[in-house]
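Asker: Please read through the structure below; I'll follow up with questions.
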Amino acid sequence: MIDTILTNLAMIIATTLMYSTPLVFTSLGGVISENSGVINIGLEGMMVIGAFIGAALGYFIGNPWLAFIGAGVAGGLFGLLHAFACVTFGANQIVSGIAINFLGPGIALFLSRIFFEGATMTKSISLDNKMPRPLNGIFPEGSLLNIIFDNQYATVYLALIMVFLFWFFLYKTKYGLRLISVGEHPTAADTLGINVMKIRYFAVIMSGVFAGFGGAAMSLAIVSNFRPTLISGHGFIALAAMIFGKWKPQGALLACLLFGGSQGLAVFLGQFDFEISSQLISMLPYVITIVVLIGFVGKSAAPSADGIPYEKEHKN
Amino acid sequence: MGYKNATRSLTKVIEMKNITKKFGDFVALDSVNLDIFKGKVHALLGENGAGKSTLMNILYGLYYSTSGEIFINGEKVNITNPNIAIEHGIGMVHQHFMLIKPFTVAQNIILGREPISKMSVLNMKKALKDVKEISERYGLYVDPNAKIEDISVSMQQRVEILKALYRGAEILILDEPTAVLTPQEIIELIQIIKNLTKEGKSIILISHKLKEIKEAADFCMIIRRGKHIDTVVVSETTEEELASKMVGREVSFVVDKKDKKAGDEIFSIKDLVVKDNRNIITVDKLNLSVKKGEILGLAGIDGNGQTELLEAITGLRKIESGEIKINGNDITNKTPFQIINNKIAHIPEDRQKRGLVLDFDISENTILENYYKKPFSKKGILQYNNINVYANELIDKFDIRPKKASKMARTLSGGNQQKVIVAREITNDPDLLIAAQPTRGLDVGAIEFVHKSLIEQRDNEKAVLLISFELDEVMNVSDRIAVIYEGKIVGIVDAKDAEVEKLGLMMAGGGNK
Ligand SMILES: Nc1ncnc2c1ncn2[C@@H]1O[C@H](COP(=O)(O)OP(=O)(O)OP(=O)(O)O)[C@@H](O)[C@H]1O
Ligand SMILES: [Mg+2]
C-alpha cells in the first residue's frame, strides 16, 4: 500500500519536473524583461519560434545542444525586435507583444512549409539526437529515484541551474542591481549615469533567448518535433507564473512547479477509468492556477516602472 | 566692493555661457551666464518656475541646452549625459528625490559605482563600510540597511547628499535641499556645507529661504522668468533687497493677521493610536481638537508621528483605536472619499506622491476630487470646457506659471506643482483644511499668498490644521500651537505667548508636560 503511494508520488514528481521545465525557462525570460521595466507578453510567440527552430535544427544537424542554442538565438532575434519597438521607439509594449505572438507562429509555419515539403509539422528527431538524459540507468531499476530521474532530460537540470544563476545575477551582482533600478525608477538610474536603453535592450533580448530555450525544451525533449499546437498557451502560463512568483526567479520557479505539478496530476489521473470526462481533468492545471492566484498570492509587486517607456528629456 | 572685485582673485571652476533653453516655443532660460568659484557657495535665487532647476539639469547633463557653452576648469565640455558630469566632479541632489524605493540606503548610494569583489559580484560588506565612512566623515548619519520606503523624507534627503559625496563630487549642486529639513537639520546642513567648502569643494545652493542664503552663501545669482537679473555678494546685501530683486516688487515678511476669537470645536481626535509601516506604534493615544475660525499649528521634529497622524485623519492609514470626529460625525477609518465629503481638505506632505497625478495636466489635477460633480461632469461625461474655465480661474488666482491649463503636472516647476495643490484644496472650501508643509518649495511671494489664503479660511470661520517644520511659519500663522513628541501632544500654547526656546525644548521632549 505505502509502496504504491510512494511509486505514484514519484511518478507525479517526475511528470511535474518534466512539464515545468519549458515554463521555467520562459518564465525566467519574463522575469528579466519585466524587472528592467519592459512588459513582454510576446513570450508565447518567442517560445513558438524557439520550439520550431529547435526541432528543425535538431532534425537537420542532429546535435541537440546546437539546436537548443539556435532556438535561443531565434528567440533573441524576436527579443531584439520587441526591444527595438518598445525601447527605441517607446511603442506600446502590449501591442508589440501581441504582434510578436502573431509573428512567431506565422514565421514558424512559413519556414516549416519551406523546409519540410509543405508540412506544418517537422519530421521527428531520432531518439539518439534528442536531449541527453544524464541520470538514465544510474539508479537501480524500480527504485523511487529511478522513477523520478531516469527519464529526465538535461534541460530539466539546466532549468534549475538557470533559476539559481538568475537569482544570483539579479540580487548579487552589480548588473542585477542596475537592471532592477532601471525597472523601478529609470530617471534615477539615468542621473547616476546608468544607460537605461542599453540595459533594457539586454534584458529584452535575454528574455527572447530564454523563451526560445523554453520552446526548445519542449520540442527537443518532451516531444521530438514541432507542430502548430505544441506551445498553445505555455508562453502565457509562464507569464502568469512570473506574476505569481512576484517577478522573482525563485518565485517563478515555484509557480512553474505548481503548474507543472497540476499538469502532472492531470496526466496521472487520466490513466484511471473515471466517470469524469478527460477534458474536465485536463482543465485541472488551469483551475488550480486560478484558485492559487485568488487565494494565496497576495498583493503582487510589479516593478514600479514596468510597462512605461522611458524617454530622456528634450534633446535639442 | 562689488561682485567683480570680490571674485577677481578666485579660481573659476565652472563657467556657463549664454545658456538658452526652450521647451517647444516656451523659453525657460534666456542667455543666462553663471560662474562658479572654487571653495565658494553660490546661491541661485528666483521665483517658482524661474528656471533654476532647468539650469542645473543642463549642467548635470540631464537636459541639453538649446544653445550656450559650458567650461569646466577652463576646458570646454559637452555634457551630454550625467556620466560626463560625474566624471568632471559634478554631483547633484535633485529637488525631487531620485531614489529607488525598494532598495536599501546603501544600495542606493552605491548604485552605478558599486564596489565589487570579482566578476561583478557586489561586495556589500565594502559598500556598508564605505557608506558608514562617508556618513561619519560628514556627520550625515543614516541606517545603511534601512529601505528607502521606510525612512522619512529628511533621511532620504541625507541619502541624496551622500550619493553625491560617494561619487567624489567636487562641485555639489543642491536643489532646494532644505525645503524638506527641520530647522535643526538646516543648521546641521549649513555646517556640512561649510565643512565641504573648507575642503575646497564648490557648492551651488538653490533655496527660497533668504535667511539660509544669508547664512551659507558667498554669492547669489538672481533669475526671474529665465533671465539673469543680477549677481551680488551676499555679505553686502539684505534679505529685503534680495527678495525685491527676485520678485520685482516689495515683499512683506510680516504676516498680516487680525485678532480673532475662535468659535466652537469642530474637529476632535480622541485617544488615537496608529502604527507605522514597521508596525510600531507612532501615534500614541493622541488627543487634539480644532475650533472654528482658528489655525492650529502642529510643531514637532520630523518623525514624531506627524505623517502617520495625517494619514490616519485623511483615511490613508488604518487606525488601531481611538476616534476622529468632524461636525459631530465619526470619520474613524472611513475612506478618503467619505472623509473628503465630510469637508476635510488635505494639502499633503509629499506633493508628487499624494498631491498630483503627474501625467495629468493642470486642469485635470484641479478637479481630482470633484470630477463627478456638476458642472465638471454631466451624466457621467466630463465637461472639458467647464473644467478648463475652472482651471484657468485657479491659475489666475493662484498665479500658477506658466498660465496654461493643458500643461502636464510633471513638467511644472516644483513650486508651481505645489500651487496647483494649494489652489485645488482651498477652493474646495473645506470646514477643516489640513495643510502639511503647505509652503514647501515656494518662493517668498508665493508663501505670502498661501499664508494669506490660510488666514482667509480662518476669517471665514473655517478650521485649519497646519503642520510645518518651519517654526517661524507655525508661530506667525497659527492662533494656537500644539507640540507633538513621540506620538503625543506634549503641550499647547497660545501663539501670542509662544517663545522659540520653549517650543524648541518641548519639541525635543523637555519642557512642560
Ligand atoms: N520637461 C519640461 N517640459 C516642459 N516645460 C518644462 C520642463 N521642465 C521645466 N519646464 C518649465 O520650465 C520652467 C522652469 O522650470 P524650473 O523647474 O527650472 O523652475 P525652478 O526655478 O526650479 O522653480 P521652483 O522653485 O518652483 O523649483 C517652468 O515654467 C517649467 O514649467
Ligand atoms: Mg526647481
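Going down the list, the protein sequences come from chains A and B. Here this note's numbering is used: the first residue of the first sequence is 784, the next is one more, and so on. Here this note's numbering is used: the first residue of the second sequence is 15, the next is one more, and so on. Where a beta carbon is used, it is the ideal one built from N, C-alpha and C, also for glycine.
1) May I ask you to check if the CB of residue 111 of chain B is nearer than 8 Å to at least one heavy atom of ligand 1?
2) Give every residue of the same chain whose Cβ lies closer than 7 Å to the Cβ of residue 14 of chain B, excluding the five residues on either side of it in the sequence, and list them in chain order.
3) Tell me, which residues are paired with residue 281 of chain B by DSSP?
4) So with CB distances below 8 Å, who are the chain B contacts of residue 1089 of chain A?
5) Name the residue from A:794, A:800, A:793 whose alpha carbon lies nearest to the alpha carbon of residue 1039 of chain A.
6) Check whether the Cβ atoms of residue 899 of chain A and residue 839 of chain A lie closer than 9 Å to each other.
7) Output the distance between the C-alpha atoms of residue 1008 of chain A and residue 803 of chain A, rounded to the nearest integer angstrom.
8) What residue range does the alpha helix (DSSP H) around residue 29 of chain B cover?
9) Are the C-beta of residue 974 of chain A and some C-beta of chain B separated by less than 9 Å?
10) For the beta strand (DSSP E) holding residue 784 of chain A, just list the boundary residues, first then last.
11) Against chain B, with Cβ distances strictly below 9 Å, would residue 1099 of chain A count as a contact?
12) Is residue 39 of chain B near ligand 1, judged by its Cβ being under 8 Å from some heavy atom?
13) At which residues does the alpha helix (DSSP H) containing residue 410 of chain B begin and terminate?
14) Going by the beta-carbon positions, is the gap between residue 880 of chain A and residue 995 of chain A smaller than 9 Å?
15) In whole angstroms, what is the alpha-carbon distance linking residue 160 of chain B and residue 146 of chain B?
16) Taking the continuous alpha helix (DSSP H) assigned at residue 516 of chain B, which residues delimit it?
17) Below 8 Å, is the gap between the Cβ of residue 68 of chain B and the nearest heavy atom of ligand 1?
18) Cα-Cα, which of B:81, B:85, B:502 is closest to residue 25 of chain B?
19) On the criterion of 16 or more Cβ atoms from any shown chain inside 10 Å, does residue 444 of chain B qualify as buried, or is it exposed?
20) Taking the alpha carbon of residue 504 of chain B as the point to measure from, which residue in B:510, B:513, B:517 has its own alpha carbon closest?
21) Do the region 396 to 414 of chain B and the region 426 to 440 of chain B touch if we need at least three Cβ pairs shorter than 8 Å?
22) With a threshold of 9 Å between beta-carbons, can residue 971 of chain A be considered close to chain B, or not?
23) Return helix, strand or coil for residue 799 of chain A, following the three-state DSSP convention.
24) Under a three-way DSSP split, which group does residue 949 of chain A fall into?
25) Within the present structure, is the beta-carbon of residue 61 of chain B separated from the nearest heavy atom of ligand 2 by less than 8 Å?
26) Going straight from the alpha carbon of residue 404 of chain B to that of residue 282 of chain B, what length do you get?
27) Please go through the same chain and pick out, in chain order, the residues whose beta-carbon is closer than 7 Å to the beta-carbon of residue 102 of chain B, but skip the five residues on each side of it.
28) Please work out which residues of its chain come closer than 6 Å, Cβ to Cβ, to residue 1051 of chain A, disregarding the five sequence neighbours upstream and downstream, and give them in chain order.
29) Where does residue 951 of chain A land, buried or exposed, given buried means 16+ other C-beta within 10 angstroms?
30) What number of angstroms, rounded off, separates the C-alpha of residue 983 of chain A from the C-alpha of residue 1017 of chain A?
31) Let me check you understand the geometry: is the CB of residue 415 of chain B closer than 8 Å to at least one non-hydrogen atom of ligand 1?
32) Nearest to residue 1013 of chain A by alpha carbon, out of A:1058, A:921, A:1001, A:910?
33) Drop a sphere of 10 angstroms on the beta-carbon of residue 358 of chain B, count the other beta-carbons inside from all chains shown, and report buried for 16 or more, exposed for fewer.
34) Taking residue 258 of chain B as the reference, which of B:237, B:273, B:271, B:278 has the closest Cα?
35) Comparing the C-beta of residue 896 of chain A with each C-beta of chain B, is any distance below 9 Å?
36) May I have a chain-ordered list of the beta strand (DSSP E) segments no shorter than 3 residues that lie completely inside the region 408 to 478 of chain B?
Answerer: Put simply:
1) no
2) Because chain B is modelled from 15 through 527, residue 14 of chain B falls outside the range shown and cannot be assessed.
3) B:304, B:340
4) Result: empty, since nearest Cβ-Cβ is about 13 Å, beyond 8 Å.
5) A:800
6) yes
7) 18 Å
8) First-last for residue 29 of chain B: 26 to 37, but that is the beta strand (DSSP E), not the alpha helix (DSSP H).
9) yes
10) Where residue 784 of chain A is concerned, there is no enclosing beta strand (DSSP E), given that its DSSP letter is neither H nor E.
11) Note that residue 1099 of chain A scores 36 on pLDDT, short of 50, meaning its location in the model is unreliable; the coordinates nonetheless yield the value given after this. Residue 1099 of chain A counts as touching chain B.
12) no
13) 398 to 412
14) no
15) 13 Å
16) 514 to 521
17) yes
18) B:85
19) buried
20) B:517
21) yes
22) yes
23) helix
24) helix
25) no
26) 33 Å
27) 86, 91
28) 795
29) exposed
30) 24 Å
31) yes
32) A:1001
33) buried
34) B:237
35) no
36) 446 to 450
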